[in-house]
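Below: one structure, written as structure tokens.
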Amino acid sequence: MLRRTIAAIGIAAVLAVTGCASAAPERRDTGIAMFQWTWDAIAAECPTLGEAGVAWVLTSPPQEHVDGASVGTGSDGSEWWWSYQPVSYRVESRLGTRDELAAMTAACDEAGVDVYADAVINHMAGVGSGTGWAGTPFEHYRYPSTGGAAVYDRADFHDCDRTPDDDIDAYREPFVIQHCELEDLADLATESEHVRATIGAYLDDLLSLGVDGFRIDAAKHIDPDDVAAIVAALPEGTPVISEVIRGAGEPVQPEQYTAFSTVWEFGWAERVGAFVHDGSARALADLSPASYGLLEEQARTFIVNHDTERNDATLSYRDGAELSAATAVMLASDDGMPTLYSGYAFSDRDQGPQLEPDGSVSDASCTGEEHPDVVAGDGWADRAWVCQHRWPGTLGLVAWRSRVVDAPLTAVEAHTRDGMLGAAVSYARGSTGLAVVNVSEHRLVLAVPTALPDGMYCDAARPGCVRIGVEDGEAGIALEPWQAVAIDRFTRP
Ligand code: LM2
Ligand code: CA
-5 MLRRTIAAIG IAAVLAVTGC ASAAPERRDT GIAMFQWTWD AIAAECPTLG EAGVAWVLTS
55 PPQEHVDGAS VGTGSDGSEW WWSYQPVSYR VESRLGTRDE LAAMTAACDE AGVDVYADAV
115 INHMAGVGSG TGWAGTPFEH YRYPSTGGAA VYDRADFHDC DRTPDDDIDA YREPFVIQHC
175 ELEDLADLAT ESEHVRATIG AYLDDLLSLG VDGFRIDAAK HIDPDDVAAI VAALPEGTPV
235 ISEVIRGAGE PVQPEQYTAF STVWEFGWAE RVGAFVHDGS ARALADLSPA SYGLLEEQAR
295 TFIVNHDTER NDATLSYRDG AELSAATAVM LASDDGMPTL YSGYAFSDRD QGPQLEPDGS
355 VSDASCTGEE HPDVVAGDGW ADRAWVCQHR WPGTLGLVAW RSRVVDAPLT AVEAHTRDGM
415 LGAAVSYARG STGLAVVNVS EHRLVLAVPT ALPDGMYCDA ARPGCVRIGV EDGEAGIALE
475 PWQAVAIDRF TRP
């Protein structure tokens, strides 16, 4: 029954524009990580993303990486994580060619969507020797140039000489975290001018192909002074997001990277996922930077990424409608700038995406039709593209956020009552907007205080115009389990 209700909301139609006349303001600050999506597939999805108000897409790493089948370790090369073992900075990978990458940035630009690339600059490959995807031969610590790209020799890498196999063995000292090796991955001497210049040339090359910003992979394993120097060499204002996983009691913390970048706040993702899962509307309403970390201007909020969906640190597509509810909380809150996530189903953490006979990644596509079990979170075939961003509500809420984000949050309230089954949390933005998220498996009917003028509004989370009435300063809102409803003064019947 529930499944039918939510399916009826329709996935493909979330972009339907309602019949409102007043011009809404728009500020886009929501991004989406499209894990292992090819350049061609991202180019094809950008019009949909742009129409919904998505500001940017984050790609998987675009540089040449180890061809896993060449290494002789028993891998057939299909694992996703070869992307994170650079061999050169040629823009040639399983996800697409240099020309395809340029075509993607052009198509996304046309759709009003920026492209951020995942920059793997802490390290090169972890394996002994082999060939890169574009044919570049390499050995551990030796990455010669073919086609005029990256050139590193032994002296360009750290030799930390502190742990048995030079691997990071504990997160107690910055030196070990930043100069020893992350799982054997050859650790670049990022303090060296040559290394910085080589990385800088790679990032500049990506910018010349139309890339707009960067994720700094494994930033926690690079001295913040080194990241600062690399960022300083980029054109002023280039958006950079550092990946620094917050770990309690560790000496390297996200705060050390905020002078020159924004940082994903893992502490937020972990808490919000757990609170939604537990139905703790009160805890969600009480959430504050003091309890999880970074201030909103520095924080990138997210619910799940490609690592956390594999180590169970957060919710994931397997949590079905709970993931949708948490995503709605992220889009309704003002705790940071949101990042959505879209990837593929897997039953083994190493399992790569669908491949073509030549070993390149198959193009993802989303119709919505192939995902009957979105709500329950089960029934996924291995390697199926999950298209989380097309799940009911999500893109509609992105568009709603772009209309209301400049109106400050005026109230965040938990809706729980003795004797009432279920719980919800509401986010009021004065007389501009209101969102309510059911964080329970119970149906709820609520009267939620709002400063929106009395009258009829359209629910931004559903296509068409499902009417929501405001009377005497209260919005009458009925919610299915885990459903979110959002209204704003620009979207009325
Ligand atoms: C990241 N952020 O800091 C990425 O988000 C994460 O996905 C990367 O790990 C990691 N850092 C390095 O860029 C992935 C994956 C690992 C994989 C590495 C390198 O999670 O499992 O390690 O990429 O491909 C694999 C093997 C590991 C082996 C290593 C080196 O799983 O057993 O270590 O390659 O050959 C001996
Ligand atoms: Ca390092």
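The C-terminal residue of the sequence shown carries number 487 in my numbering, and the numbering is unbroken.
All residues carry an ideal CB built from backbone N, CA and C; glycine is no exception.
It should be emphasised that the depicted structure is a prediction, and the values quoted were computed from it without experimental measurement.
On a Cα-Cα basis, can you pick out the residue from the options that is closest to residue i?
| i | options | result |
| --- | --- | --- |
| Pro233 | Thr404, Glu133, Gln348 and Gly207 | Gly207 |
| Met510 | Arg397, Thr130 and Thr256 | Outside the shown range of the chain, which is -5 to 487, sits residue 510, and nothing can be said about it. |
| Leu473 | Val419, Asp448 and Ser425 | Val419 |
| Ser356 | Thr192, Ala97 and Ser87 | Ser87 |
| Ala422 | Asp400, Asp412, Leu415 and His436 | Asp400 |
| Trp271 | Tyr110, Thr53 and Glu435 | Position check: residue 271 holds His in this sequence, whereas Trp was assumed. Among Tyr110, Thr53 and Glu435, the Cα nearest to that of His271 belongs to Glu435. |
| Ala63 | Val460, Arg22 and Gly126 | Gly126 |
| Ala222 | Trp476, Ala315 and Thr184 | Thr184 |
| Gln250 | Ala180, Ala429, His215 and Tyr135 | His215 |
| His188 | His59, Ile224, Asp217 and Ala213 | Ile224 |
| Gly314 | Tyr165, Leu415 and Val433 | Val433 |
| Ala105 | Gly122, Ser274 and Pro41 | Pro41 |
| Phe484 | Thr410, Trp394 and Phe254 | Trp394 |
| Pro447 | Ala429, Arg294, Gly467 and Glu316 | Gly467 |
| Val298 | Gln292, Pro138, Ala307 and Glu291 | Ala307 |
| Ser282 | Gly273, Trp262, Ser354 and Ser274 | Trp262 |
Given 8 Å as the limit, tell me if residue i has its C-beta closer than that to any heavy atom belonging to ligand 1.
| i | result |
| --- | --- |
| Leu176 | yes |
| Glu237 | yes |
| Val114 | yes |
| Arg88 | no |
| Asp301 | yes |
| Ala63 | no |
| Trp76 | yes |
| Gly243 | no |
| Asp70 | no |
| Asp342 | no |
| Gln79 | yes |
| Val121 | yes |
Say the cut is 8 Å; is the CB of residue i nearer than that to a heavy atom of ligand 2?
| i | result |
| --- | --- |
| Asp181 | yes |
| Thr157 | no |
| Ala212 | yes |
| His152 | yes |
| Ile216 | yes |
| Thr192 | no |
| Gln172 | yes |
| His117 | yes |
| Thr404 | no |
So, are the CB atoms of residue i and residue j less than 9 Å apart?
| i | j | result |
| --- | --- | --- |
| Trp31 | Ala358 | yes |
| Ala478 | Phe296 | no |
| Asp155 | Ser186 | no |
| Gly90 | Trp50 | no |
| Met118 | Pro80 | yes |
| Gly470 | Val464 | yes |
| Gly449 | Arg486 | yes |
| Val320 | Pro386 | Here residue 320 is Ala; the residue named in the question, Val, does not match the sequence. No. |
| Gly25 | Leu334 | yes |
| Ala417 | Ala405 | no |
| Ser54 | Asp147 | no |
| Tyr78 | Tyr196 | no |
| Leu325 | Val392 | yes |
| Arg312 | Asp376 | no |
| Glu73 | Gly346 | yes |
| Ala227 | Arg190 | yes |
| Asn116 | Leu52 | no |
| Asp160 | Glu175 | yes |
| Val205 | Val121 | no |
| Asp342 | Arg397 | no |
Closer than 8 Å to a non-hydrogen atom of ligand 4 - does that hold for the CB of residue i?
| i | result |
| --- | --- |
| Arg304 | Absent from the structure shown: ligand 4. Ligands present: ligand 1 and ligand 2. |
Does the pairing of the region 346 to 364 with the region 432 to 450 give three or more beta-carbon distances under 8 Å?
no
Just to confirm the assignment: which complete alpha helix (DSSP H) runs, minimum length 4, are found wholly within the region 250 to 299?
260 to 272, 275 to 280 and 283 to 286
Could you tell me whether the region 249 to 263 touches the region 326 to 342, where touching means 3 or more Cβ pairs closer than 8 Å?
yes
Below 8 Å, how does it come out for the region 162 to 176 and the region 236 to 247: are there three or more Cβ pairs, yes or no?
yes
Which full runs of the beta strand (DSSP E) of 3+ residues lie inside the region 141 to 216, going along the chain?
207 to 210
Minimum length 4: unbroken alpha helix (DSSP H) runs contained in the region 312 to 384:
315 to 326
Can you list the beta strand (DSSP E) stretches of 3 or more residues lying completely in the region 72 to 117, in chain order?
108 to 113
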